[in-house]
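>
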Amino acid sequence: MKARQKRLTFVALAILGVGIAAALAISSMRSNMAYFFSPSKVMAKEAPTDAVFRLGGLVVQNSLVRQTDGLTVVFDVTDNTATVKVSYTGILPDLFGEGQGVVTKGRLGKDDVFYAEEVLAKHDASYVPPEVADSLATAHAQGVAKMAENQ
Amino acid sequence: MIPEIGHLALVVALALASVQAVFPLAGSFKNRQSWMAMARPLAWGQLTFLAVAFACLLQAFLSDDFSVVYVARNSNRLLPTVYKISAIWGAHEGSILLWALLLGGWGAAVATFSRDLPPRVVARVISVLAIVGIGFLLFMLFTSNPFERIFPAPAEGRDLNPLLQDPGLAIHPPMLYMGYVGFSVAFAFAIAALLGGKLDTAWARWSRPWTLVAWVFLTVGITLGSWWAYYELGWGGWWFWDPVENASLMPWLMGTALIHSLAVTEKRGAFKSWTVLLAIFAFSLSLLGTFLVRSGVLTSVHAFATDPGRGAFILVFLCIVIGGSLALYAWRAPEVSSGGRFDLLSRESFLLSNNLLLAAFATLVLFGTLAPLIYEAMGWGKISVGFPWFNKMFLALMPFLALFMGIGHTTRWKRDEAGRLVKELWIPFLLAIGAAIAVIRFLPVVTSRSLLVPLSLGLASWILFSHLAGLWERLRHRRDIKAMAADVGSGRSYYGMLLAHLGIAMFILGATLVSNFGSETDIRMSPGDVHETAGYRFEFEGVETVPGPNYRAAKGRFLVSRGHKRVVVLEPEKRTYFTSGQPMTEAAIDWGFTRDLYVSLGEPLGGGDWALRIYYKPYVRWIWLGGLFMALGGILALTDRRYRTRSRGVDLPAGAVAART
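Line order of the protein sequences matches chains A and B.
Residue numbers for the first sequence follow this note's numbering, so the first one is 221 and each next one is one higher.
Residue numbers for the second sequence follow this note's numbering, so the first one is 64 and each next one is one higher.
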């Protein structure tokens, strides 16, 4: 059965291809994946110290400090429970602002400062990244629960 | 009053669509001519009422009727008229109306240009289009009515998002949507064929030009989008692997596979079931794209403020469309399969490998785009997939695609001989190897680390030279120039293929050079400072404030020179729009075929200092030029004689003749 053999060859090749592709895709995805952590989680030492991750929250009012020379800026990011200092060298996106939501991507330094390689830009002033909205809501709920306990 | 007419028109369109979805389809099974004959007038009626609704929204925008919520949110008295028009599709509700209008337009086009088709097929196609239309109209009326009113009306509108106040973006969404929606026609033809249980080569021939038109629009739309992101977002990148970009790329990849697979089905009668499946997937991915953009489930640089209720609706709609059509496929496909046989070394095989690679890449992009959703649903945490992953996947598959592309076009149908191919292609192969070696030898920046550069450029030249060899083979028996010119006239789909494939080579060239030899500098400069990059000298003269129609701008001035020669004066702007207070970066670009010089203003740092981006982008235009060549190739192929002539009994395959009688 020549036709059948041919079809089997095709099927075998296709399965082999899909298998290799899936294995490659998944293995390399691990190294390119960045988890999201809120400032509370970072302060609770849950964030990795050896991998790139994303940190998001609100930029604290009046916390933005510019270096007098060069392009490095430092600002605080909070989820209203904990605050993390973020350092970034580069140009901030147009819609970056104090009191507004932000998502940054980078590594946590030994000095507990988050060194961002990227500050996520947005297209729309009224848009809040879903992760930030989520982590604010979680922190808020925990705060309310704590207050209830204290009373 | 006028917005209410618009609303009413949408309701009427929905009623018409419901009739259109039922009667022609039922008529095609019950063999009732009168029911089937309703298809064409209904399709036109549908378009008419959607156009009325669209015109009403246009009128609301032009007359600054801020009692309409959508207008109040997306327009402003100061907005220039042209952007009042493009503001219609500047946000969610209006873009869904545009979707529905374009769908109506495609339906009417099918009704008009299908005189040669059996009425049964036309009736089914138009009914399937109406089913899709019902979904969108229900969606609009229940979750996103563009005509919703607000009382009391605000005195002034909130203005259009400044990013969208740009000519590129005024035409980018309609183009993209024409493509997305256009695949609904390919989908409708596939479903109609499945319903009829008759997948023959005639079906592929009818579906082919429609698919090609949709593909051309999508190609232009994506190209424009990439170009817009490059100059308007102020980051100087041309592709970010952002979910919204991926959403447009996935249907494009599937659509590209589909137009190749349709060629095999039409010419050889093979791959029938596969082609149907591709048509279903291409359209499903278009719907998924709309879902991803509009639901806000994914974090995206493009994400606009969104509403999860809408996402749920589209998700259900998506499940019905994909689930329904796959169920139909599973039920009917075994009956319609069986096709032409072919050898391992044949054009069919190469087109199959093209299809598999494109489909594999589309699947990977889908996986990467949805991975954050999957992770969150499984409780594994919130992740994002970085663009290096997508780049890696692209680079893993692209070389094979390019390699096969250079062989497939000149391979014979059914079976070919290795000897003949080697004889035809050894010169282009050696030339390509030579090009790669030349790159290693003469481009000093190339190190052993970036072997990708010679590989990519070698592949680009392989595509170029092998197609030239194919062209030589085709033309060498023609006697003179006149006969050659006549060949261009008679073989337009061949020359279309040639243009589109050259577009791929141009794209590879541009993408490789700009990614490896471009330079991007973020820098702090004081007035009078000088920065040098790639032999160009940028002198910063400072920033002054200038007024605009609905904004105020800080305008920078750069004198750019090379050696002792002044090249250009670049004046990038940073605008602040009055109404929204939103800042906008307008980059200044000096463009050229071999390089772009790109300057944009970051932020003021005090004392006249500014944070600035200075980019040197070699051959970046070739990326979009490649996109345009692909689209031009598609258009040229569309004008091919066989899509125009009506008396085509001679070269019709037996199946088609049988189907026509």
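Note that CB positions come from ideal geometry on N, CA and C, so glycine has one too.
These numbers were taken from a predicted model, which means no experiment stands behind them.
So, does the CB of PRO590 (chain B) fall closer than 7 Å to a CB anywhere in chain A?
Along the second sequence, one-based indexing puts residue 590 (chain B) at 527. False, the Cβ-Cβ gap to chain A never drops below 7 Å.
> Any beta carbon from chain A within less than 7 Å of ILE446 (chain B)'s own beta carbon?
Your numbering for residue 446 (chain B) matches position 383 in the second sequence. It does: the Cβ of ILE446 (chain B) has a partner Cβ on chain A nearer than 7 Å.
> Can you tell which of B:LEU572, B:LEU633, B:SER663 has its C-alpha closest to the C-alpha of THR657 (chain B)?
In the second sequence, residue 657 (chain B) corresponds to position 594, counting from 1. Closest by alpha carbon: B:LEU572.
> Name the residue from B:PHE176, B:MET560, B:ALA186 whose alpha carbon lies nearest to the alpha carbon of PHE92 (chain B).
The residue labelled residue 92 (chain B) in the question sits at position 29 within the second sequence. Of B:PHE176, B:MET560, B:ALA186, the residue nearest in Cα terms is B:ALA186.
> At a Cβ threshold of 7 Å, is TYR372 (chain A) touching chain B?
No information on residue 372 (chain A) is available, as it lies outside the stretch 221 to 371 that chain A covers here.
> One question on the structure: do ALA523 (chain B) and ALA568 (chain B) come within less than 7 Å of each other, judged by their Cβ atoms?
Numbered from 1 along the second sequence, position 460 holds the residue referred to as residue 523 (chain B). Numbered from 1 along the second sequence, position 505 holds the residue referred to as residue 568 (chain B). Yes, Cβ-Cβ distance for ALA523 (chain B) and ALA568 (chain B) is below 7 Å.
> Going straight from the alpha carbon of PRO635 (chain B) to that of TYR293 (chain B), what length do you get?
Residue numbering aside, residue 635 (chain B) sits at position 572 when the second sequence is read from its first letter. Residue numbering aside, residue 293 (chain B) sits at position 230 when the second sequence is read from its first letter. Spanning the two alpha carbons is a distance of roughly 14 Å.
> Ends of the beta strand (DSSP E) at VAL747 (chain B)?
For residue 747 (chain B) there is no data in the structure shown, the boundaries of chain B being 64 and 724.
> Is there at least one Cβ from chain A nearer than 7 Å to THR648 (chain B)'s Cβ?
As a position in the second sequence, residue 648 (chain B) is number 585, starting the count at 1. Output row for THR648 (chain B): interface = yes.
> Please report the straight-line C-alpha distance between TYR335 (chain A) and MET441 (chain B), rounded to a whole angstrom.
The count along the first sequence starts at 1 and reaches residue 335 (chain A) at position 115. The count along the second sequence starts at 1 and reaches residue 441 (chain B) at position 378. Approximately 29 Å, taken between the alpha carbons.
> Can you list, in chain order, the residues of its chain with a C-beta nearer than 6 Å to that of ALA651 (chain B)? Leave out the 5 residues immediately preceding and following it.
In the second sequence, counting from the first residue as 1, residue 651 (chain B) sits at position 588. Excluding sequence neighbours, ALA651 (chain B) sits near LEU633, GLU634, PRO635, VAL662.
> CB ALA700 (chain B) to CB SER556 (chain B), shorter than 7 Å?
Walking along the second sequence from the start, residue 700 (chain B) turns up at place 637. Walking along the second sequence from the start, residue 556 (chain B) turns up at place 493. Taking 7 Å as the Cβ cut-off, ALA700 (chain B) and SER556 (chain B) qualify as a contacting pair.
> In terms of residue numbering, what span does the beta strand (DSSP E) encompassing PRO667 (chain B) cover?
What you label residue 667 (chain B) is simply residue 604 of the second sequence in a count that begins at 1. That run of the beta strand (DSSP E) goes 658–669.
> If you reduce the DSSP assignment to three classes, tell me which class LEU715 (chain B) lands in.
The residue labelled residue 715 (chain B) in the question sits at position 652 within the second sequence. A caution first: LEU715 (chain B) carries a pLDDT of 42, below 50, which makes its placement in the model too unreliable to give a value.
> Contact criterion: CB-CB distance below 7 Å. Does ILE311 (chain A) meet it with respect to chain B?
Here residue 311 (chain A) refers to the residue found at position 91 of the first sequence. Yes, its Cβ sits closer than 7 Å to a Cβ of chain B.
> Taking DSSP as the reference, what is the three-state secondary structure of TRP98 (chain B)?
Looking up residue 98 (chain B) in the second sequence gives position 35. In the structure shown, TRP98 (chain B) sits in a helix (DSSP, three-state: H, G or I).
> Suppose contacts are defined by Cβ-Cβ distances below 7 Å. Is TRP152 (chain B) in contact with VAL244 (chain B) by that definition?
Indexing the second sequence from 1 puts residue 152 (chain B) at position 89. Indexing the second sequence from 1 puts residue 244 (chain B) at position 181. No; because the gap between Cβ atoms is not below 7 Å, this pair is not in contact.
> I'd like the span of the beta strand (DSSP E) that includes HIS594 (chain B), first residue to last.
What you label residue 594 (chain B) is simply residue 531 of the second sequence in a count that begins at 1. Run containing HIS594 (chain B): 593–596, per the beta strand (DSSP E) assignment.
> Could you work out which residues of chain B lie near GLY329 (chain A), taking near to mean beta carbons separated by less than 7 Å?
Locating residue 329 (chain A) in the first sequence gives position 109, counting from the first residue. Chain B residues near GLY329 (chain A): none, gap ~20 Å exceeds 7 Å.
> In this structure, what does DSSP give as the bridge partners for ALA254 (chain A)?
Against the first sequence, residue 254 (chain A) aligns to sequence position 34. DSSP output for ALA254 (chain A) lists B:SER447 as bridge partner(s).
> Ignore the nearest five residues each way along the sequence and tell me which others in VAL82 (chain B)'s own chain have a CB closer than 7 Å to its CB.
As a position in the second sequence, residue 82 (chain B) is number 19, starting the count at 1. Result list for VAL82 (chain B): LEU105, in chain order.
> Should ILE246 (chain A) go down as buried or exposed, given a rule of 16 or more other Cβ atoms within 10 Å for buried?
Indexing the first sequence from 1 puts residue 246 (chain A) at position 26. Its Cβ having fewer than 16 others within 10 Å, ILE246 (chain A) is exposed.
> Give the straight-line distance between the Cα atoms of LEU378 (chain B) and LEU161 (chain B), rounded to the nearest whole angstrom.
On the second sequence, position 315 is the one that residue 378 (chain B) refers to. On the second sequence, position 98 is the one that residue 161 (chain B) refers to. Spanning the two alpha carbons is a distance of roughly 20 Å.
> Beta-carbon within less than 8 Å of SER511 (chain B)'s beta-carbon, same chain only, minus the 5 sequence neighbours each way: which residues are those?
Translated into the one-based positions of the second sequence, residue 511 (chain B) becomes position 448. In this predicted model, SER511 (chain B) has a pLDDT of only 49, less than 50, meaning its place in the structure is not dependable enough to derive any value.
> Rounded to the nearest angstrom, what separates SER177 (chain B) and PRO610 (chain B) at their Cα positions?
Reading the second sequence from its first residue, position 114 is the one you call residue 177 (chain B). Reading the second sequence from its first residue, position 547 is the one you call residue 610 (chain B). Approximately 54 Å, taken between the alpha carbons.
> Taking 8 Å as the limit between beta carbons, can you name the residues of its chain near ILE189 (chain B), skipping five residues before and five after?
Here residue 189 (chain B) is taken as the residue at index 126 of the second sequence, counted from 1. Excluding sequence neighbours, ILE189 (chain B) sits near GLN83, PRO87, ALA102, ARG103, LEU105, ALA106, GLY170, VAL173, ALA174, ALA251.
> List the residues of chain A whose Cβ lies closer than 8 Å to the Cβ of LEU455 (chain B), in chain order.
Indexing the second sequence from 1 puts residue 455 (chain B) at position 392. Correcting the residue type first, residue 455 (chain B) is Lys in the shown sequence and not Leu. Under the 8 Å cutoff, chain A gives SER248, ASN252.
> Between the Cα of LYS226 (chain A) and the Cα atoms of B:LEU408, B:ARG183, B:ARG136, B:GLU487, which residue gives the shortest distance?
As a position in the first sequence, residue 226 (chain A) is number 6, starting the count at 1. Residue B:LEU408 is the option with its Cα nearest to LYS226 (chain A).
> Using three-state DSSP, classify VAL333 (chain A) as helix, strand or coil.
Residue numbering aside, residue 333 (chain A) sits at position 113 when the first sequence is read from its first letter. Reduced to three states, the DSSP call for VAL333 (chain A) is coil.
> Between SER553 (chain B) and ARG410 (chain B), how many whole angstroms is the CB-CB distance? I'm expecting something under 8 Å.
Here the question's residue 553 (chain B) lines up with position 490 in the second sequence. Here the question's residue 410 (chain B) lines up with position 347 in the second sequence. With a Cβ gap of about 20 Å, SER553 (chain B) and ARG410 (chain B) do not count as contacting.
> Below 8 Å on the Cβ atoms is my guess for VAL279 (chain A) versus VAL262 (chain A); work out the distance and round it to an integer in Å.
By one-based count along the first sequence, residue 279 (chain A) stands at place 59. By one-based count along the first sequence, residue 262 (chain A) stands at place 42. About 15 Å; that fails the 8 Å criterion.
> Quick one, are the C-beta atoms of LEU120 (chain B) and GLY69 (chain B) less than 7 Å apart?
As a first step, residue 120 (chain B) is located in the second sequence; it is residue number 57 there, counting from the start. As a first step, residue 69 (chain B) is located in the second sequence; it is residue number 6 there, counting from the start. Contact: yes.
> Between which two residues does the alpha helix (DSSP H) holding ASP653 (chain B) run?
For the purposes of this step, residue 653 (chain B) is taken as the residue at position 590 of the second sequence. It is not in any alpha helix (DSSP H) - ASP653 (chain B) instead sits in the beta strand (DSSP E) that spans 651–653.
> Taking all protein chains shown into account, decide if VAL231 (chain A) is buried (16 or more other Cβ within 10 angstroms of its Cβ) or exposed.
As a working note, residue 231 (chain A) is residue 11 in the first sequence. Exposed is the call here.
> Can you tell me which of A:ARG274, A:VAL333, A:ALA234, A:GLY290 puts its alpha carbon nearest to the alpha carbon of SER258 (chain A)?
Position 38 of the first sequence, counting from 1, holds the residue named residue 258 (chain A). When only C-alpha atoms are compared, the closest one is A:ARG274.
> Less than 7 Å between CB atoms is the rule here; does TRP452 (chain B) satisfy it with respect to chain A?
The residue labelled residue 452 (chain B) in the question sits at position 389 within the second sequence. For TRP452 (chain B), the answer is yes, since a Cβ of chain A falls inside 7 Å of its Cβ.
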